[in-house]
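Q: In numbering that gives the first Met the number 0, the protein residues as written are 0 to 158. Glycine included, every Cβ here is placed at the ideal spot set by N, Cα and C. Since we're looking at a predicted model, the values are computed, not measured. Below is a structure I'd like to ask you about.
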Amino acid sequence: MYIYTREANINDIEKILYLGKKVYEKYMKERSDWIVKNPLNYDLIKYIIENNGYKLFVVEKMDDKYEILGYCILSINEIKNHYMFKNMVNIEIDDFYTEDKYYNYSIEKTLFDKVNEYAKEIGANNIELNVWEFNYKIKRFFENMGMNTRIYRMEIKVN
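Structural data, given as structure tokens:
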């Protein structure tokens, strides 16, 4: 199976929405106290594709037919003249998802390598993301890619 990454385009929106539905169903199941619906819709994905403050990559297989196996939505955040932080450019991974049935085919690594390549291309200082505590598999994956924990975000329920 030959896989590669590329920037998403308008023709990819329906497949991205299909994959996004899967990931948000998982999130809603695990954290129904936080997530009540899938935030992805056609207009939002179109906006992300067309807006300079974002980047959307897809990983695609190419053999007998083309098939999108995963996607990654990035926010590009520039910090300037902050009262506490140095000036820098951060890339935030907002969504990172690949089809479960293709797990362990290096798809996640191929997609992450594209993110890393893009970060270097634009002169970003770092790549960041939030990982839900229940998502052990993806947490391990990002640790294996060299990411480290910088902040622990904790909660207590008061009801």
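Report buried or exposed for T148, applying the criterion of at least 16 other Cβ atoms within 10 angstroms of its Cβ.
A: Exposed, by the Cβ-count rule.
Q: Taking the C-alpha atoms as reference points, what is the distance between V57 and K136?
A: Each residue's alpha carbon lies about 20 Å from the other.
Q: How many angstroms separate the CA atom of N125 from the CA atom of N80?
A: Spanning the two alpha carbons is a distance of roughly 18 Å.
Q: Determine contact between the region 38-49 and the region 14-27, defined as no fewer than three beta-carbon pairs at a distance below 8 Å.
A: Yes, they touch.
Q: For the alpha helix (DSSP H) that Y23 lies in, which residues bound it at each end?
A: Residues 12-29.
Q: Which class does V114 belong to by DSSP, given the choice of helix, strand or coil?
A: In this structure, V114 counts as helix in the three-state DSSP scheme.
Q: Exposed or buried, G145, counting other C-beta atoms within 10 Å across all chains shown (16 or more means buried)?
A: Label assigned to G145: exposed.
Q: Which same chain residues end up closer than 7 Å to I47 when comparing Cβ atoms and leaving out the 5 residues on each side of it in sequence?
A: For I47, where only same-chain residues beyond five positions count, the Cβ hits under 7 Å are Y53, L55, I72.
Q: Pairing CB atoms from the region 101-110 with CB atoms from the region 83-90, are three or more of them under 8 Å?
A: No contact exists between the region 101-110 and the region 83-90.
Q: Can you tell me where the alpha helix (DSSP H) holding D42 begins and where it ends?
A: Here the alpha helix (DSSP H) through D42 covers 41-49.
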